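For the sequence shown, the numbering used here begins at 38 and goes up steadily by one.
Presented below is the structure to which this report refers.
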Amino acid sequence: MAARIDESPTPYHAVATAVRELEAAGFSDAAPGETPAVGSQYLRRGGALVAWTVAEHHNAGSPARVVGAHTDSPNLRIKPQPDAGSGPWRQLGVEIYGGALLNSWLDRDLGLAGRVVVRSADGPTTRLVRDNRPLLRIPQLAIHLDREINDKGLLLNRQRHMAPIWAIGDGPSFGSYLAELAEVDESDVVSYDVMAHDTTPSALTGLDEQFLAAPRIDNLLSCFVGVDALLAASSAPGSSIPMLCLFDHEEVGSVSTAGAASPLLGDVLDRIGAALGGDLESRAASRAASLVVSADGAHATHPNYADRHEPDHQIAVNAGPVLKINANQRYATDAETAAVFTLACEAAEVPMQRFVNRTDLACGSTIGPISAGQLGIPVVDAGCAQLAMHSAREMAGSHDPAMFLAALTVLLSA
Ligand code: ZN
Numbered sequence: 038m039a040a041r042i043d044e045s046p047t048p049y050h051a052v053a054t055a056v057r058e059l060e061a062a063g064f065s066d067a068a069p070g071e072t073p074a075v076g077s078q079y080l081r082r083g084g085a086l087v088a089w090t091v092a093e094h095h096n097a098g099s100p101a102r103v104v105g106a107h108t109d110s111p112n113l114r115i116k117p118q119p120d121a122g123s124g125p126w127r128q129l130g131v132e133i134y135g136g137a138l139l140n141s142w143l144d145r146d147l148g149l150a151g152r153v154v155v156r157s158a159d160g161p162t163t164r165l166v167r168d169n170r171p172l173l174r175i176p177q178l179a180i181h182l183d184r185e186i187n188d189k190g191l192l193l194n195r196q197r198h199m200a201p202i203w204a205i206g207d208g209p210s211f212g213s214y215l216a217e218l219a220e221v222d223e224s225d226v227v228s229y230d231v232m233a234h235d236t237t238p239s240a241l242t243g244l245d246e247q248f249l250a251a252p253r254i255d256n257l258l259s260c261f262v263g264v265d266a267l268l269a270a271s272s273a274p275g276s277s278i279p280m281l282c283l284f285d286h287e288e289v290g291s292v293s294t295a296g297a298a299s300p301l302l303g304d305v306l307d308r309i310g311a312a313l314g315g316d317l318e319s320r321a322a323s324r325a326a327s328l329v330v331s332a333d334g335a336h337a338t339h340p341n342y343a344d345r346h347e348p349d350h351q352i353a354v355n356a357g358p359v360l361k362i363n364a365n366q367r368y369a370t371d372a373e374t375a376a377v378f379t380l381a382c383e384a385a386e387v388p389m390q391r392f393v394n395r396t397d398l399a400c401g402s403t404i405g406p407i408s409a410g411q412l413g414i415p416v417v418d419a420g421c422a423q424l425a426m427h428s429a430r431e432m433a434g435s436h437d438p439a440m441f442l443a444a445l446t447v448l449l450s451a
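Below you can see the structure in the form of C-alpha cells.
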C-alpha cells in the first residue's frame, strides 16, 4: 500500500498506477464506440477511472456490484501565474484544494507533480509530470515572533501564509522549470494542473509496524483496496458484474466531468447494458438489484480528543472495516445496505465496526449520497479507520486494508 500511495501524488498518477495494475492483469482500454460485451475493461477520464469485468454468464439485467472511491486529496495547487515572492525570496502562488489541515503542510519538503498540456503536431497532448525532489517548503514563523501561538492557536491565512519558498535571488520562472520537467520548449506548454506533495516516503510505524503513516490515505487506501477487490472478483465473477469506480473532485463537492455527480458511472453501466442487448426494462432491473460500496476513510476515535467522538460508538484501527451511518444522509447507508455489508463481513470472517458522528457535530460526507442520487442504486458507506484525516500525512492501521479487501471481495464476487 505504501509504495502505491507514494507512486500516486496526484489523482492522475493514482489513475495511472491503477491502470498499470489492471493492464498487468489483462484489462484493456474501452474506447467509446467499442464496448465488447464480455471481458475486463477500463475507461479513464482525467483523474477518474471505471473498470469492470463482464463474464459469459452475465446478461443485460445482471446487477452490478461497484466499489466507489475517490482519487483526490486536499493539497496545494499551483496558480496559473505562480511566480511571486517577497524581497529576495522566490515563492509560488498556490490555491488550497479542498479542506486541507493547513498546519500539516508547514516545515515539510514538498515535491511537484501533475499533468501538463503541451502543443504537438496532432493538437494538444497531456503529459504526466512528477518531480520528487524536495523543491518547496513553507517555513513556520519562529515562536519568538508569535509568543502566544501555543496558547491561542495557529491562525493561517490561505493567501498570505501558504506560499511555498523554492529559491532565492534570480533564476528561471516556474514556466521554464515546468517545460524542462515536461521535456518541451517553454512556448509549447499550453496549460497545467500541478500540485505539491510531501516527499517523505510512506512508512509502517509504531510498535510492531501496526500503523501506516502516509499522505492521501483518504482516499488512496480505498482506491487500491478497490483495485485488489476487483482483480480478485474478476477471476471468478458471480451473478453480479464486478466494478470499480474511482472519482476525482470528491474533496470539492464532486461536481465535474470526473466527479461522482457526473454521468461517468451511469454511462458505463448503460454501455455495458447496451452491449449485452439490453433495453429500458433490463436497465431498471439491473439498477434495482445493484449495489455501490462507497469506500472512504472513517474516523478512528482519537485518544487525545475522545470527547469529539460518539461515546457509545468508539472506533479503533486494526479492528476491521467501519460501516458509516448518518440519519441525515451524509452517508448513504440504510438498514438494507447495512445488512448486505454486515453479512459480507461475516462471510469474510472479519470484524466490523459501526460509526456515527456525535449528534452535536456536523458530519462529513462521501461520494455515497451523490452516487445514490445520481444512479438510483442502493449505496452503503464503509471504509478503514484512520486518524488525522486531511492532514498532509495521515495515519491508519496496517492490518485494516486486508480485512476491508476480504469484505469487498465477498461483495464484488456475489
Ligand atoms: Zn475521503
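Ideal Cβ placement from N, Cα and C applies to all residues, glycine included.
Since this is a predicted model, take the numbers as computed values, not measurements.
For residue i, count neighbouring Cβ atoms within 10 angstroms of its own Cβ and tell me buried if that reaches 16, exposed if not.
| i | result |
| --- | --- |
| L59 | buried |
| K189 | exposed |
| W126 | exposed |
| P201 | buried |
| S157 | exposed |
| V75 | exposed |
| V264 | buried |
| G208 | exposed |
| H339 | exposed |
| N363 | buried |
| A444 | buried |
| G405 | buried |
| Y342 | exposed |
| R197 | exposed |
What are the boundary residues of the alpha helix (DSSP H) that residue i is part of?
| i | result |
| --- | --- |
| I186 | I186 to K189 |
| A384 | A372 to A385 |
| D43 | A39 to D43 |
| D265 | I254 to S271 |
| M280 | It is not in any alpha helix (DSSP H) - M280 instead sits in the beta strand (DSSP E) that spans I278 to F284. |
| P438 | D437 to L449 |
| V305 | L301 to A312 |
| Y214 | F211 to A219 |
Leaving out the 5 sequence neighbours to the left and right, which residues in its chain are closer than 7 Å to residue i when beta-carbon positions are compared?
| i | result |
| --- | --- |
| F64 | S77, Q78, Y79 and A88 |
| A419 | V330, A332, P358, V359, L360, K361 and F378 |
| G122 | Q128 |
| A337 | I352, A353, V354, A422, Q423 and L424 |
| L218 | V166 and D168 |
| L191 | N140 |
| M389 | G357, P358, L360, T379 and C382 |
| G212 | E223 and V226 |
| C282 | V87, V103, G105 and L302 |
| S186 | A small fix is needed here, since residue 186 is Ile in this sequence, not Ser. Closer than 7 Å at Cβ, skipping near neighbours: I180. |
Residue i: which of the options sits nearest, CA to CA?
| i | options | result |
| --- | --- | --- |
| S408 | A433, E287 and G315 | E287 |
| L113 | P161, R102, A250 and G136 | G136 |
| A399 | Q351, H346 and H436 | H346 |
| E246 | S157, Q411, S272 and D437 | D437 |
| A39 | Q196, E132, I205 and T236 | T236 |
| S210 | V91, G70, P119 and V56 | P119 |
| S45 | G290, S239 and Q196 | S239 |
| L267 | R324, S276 and M280 | M280 |
| L241 | M440, A250 and A233 | A250 |
| S435 | G70, L258, D344 and L178 | L258 |
| A372 | P100, A433, R391 and Y214 | R391 |
| L149 | H350, Q411, S276 and V231 | V231 |
| S327 | S276, D43, A297 and D146 | S276 |
| A433 | G401, G243 and V416 | G243 |
| M199 | L147, D183 and T54 | L147 |
| T403 | A321, G290 and L178 | G290 |
Would you mind reading off the limits of the beta strand (DSSP E) that contains residue i?
| i | result |
| --- | --- |
| N112 | N112 to A121 |
| S331 | L328 to A332 |
| F392 | Q390 to F392 |
| F248 | F248 to A251 |
| P171 | T162 to L173 |
| S77 | G76 to R82 |
| Y229 | V226 to D235 |
| V103 | A101 to H107 |
Please go through the same chain and pick out, in chain order, the residues whose beta-carbon is closer than 6 Å to the beta-carbon of residue i, but skip the five residues on each side of it.
| i | result |
| --- | --- |
| H95 | I278 |
| A97 | G310, L313, G314, G315 and S319 |
| P274 | T90 and A92 |
| V154 | P161, T163, V227 and S228 |
| R195 | I133 |
| A67 | Q78 and L80 |
| I414 | R324, S327 and V329 |
| R395 | E347 |
For residue i, collect the residues of the same chain with a Cβ closer than 8 Å to its Cβ; drop the 5 residues on either side in sequence, then sort them by chain order.
| i | result |
| --- | --- |
| A269 | L442, T446, L449 and S450 |
Any heavy atom of ligand 3 inside 7 Å of the beta-carbon of residue i?
| i | result |
| --- | --- |
| N169 | In terms of ligand content, the structure shown lacks ligand 3 and carries ligand 1 instead. |
Using beta carbons (cut-off 8 Å, strictly below), is residue i in contact with chain B?
| i | result |
| --- | --- |
| D109 | In the structure shown, chain B cannot be found, because there is only a single protein chain. |
Is the stretch 43-51 in contact with the stretch 158-169, if contact means three or more CB pairs nearer than 8 Å? Taking 8 Å as the limit for Cβ pairs, the verdict is that the stretch 158-169 does touch the stretch 43-51.
When the Cβ atoms of the stretch 136-154 are set against those of the stretch 415-431, are three or more pairs found closer than 8 Å? Judged by Cβ distances under 8 Å, the stretch 136-154 makes contact with the stretch 415-431, as three or more pairs qualify.
Are there three or more Cβ pairs, one per stretch, closer than 8 Å when the stretch 248-262 is compared with the stretch 94-111? In short, these stretches touch, since the Cβ pair count reaches three.
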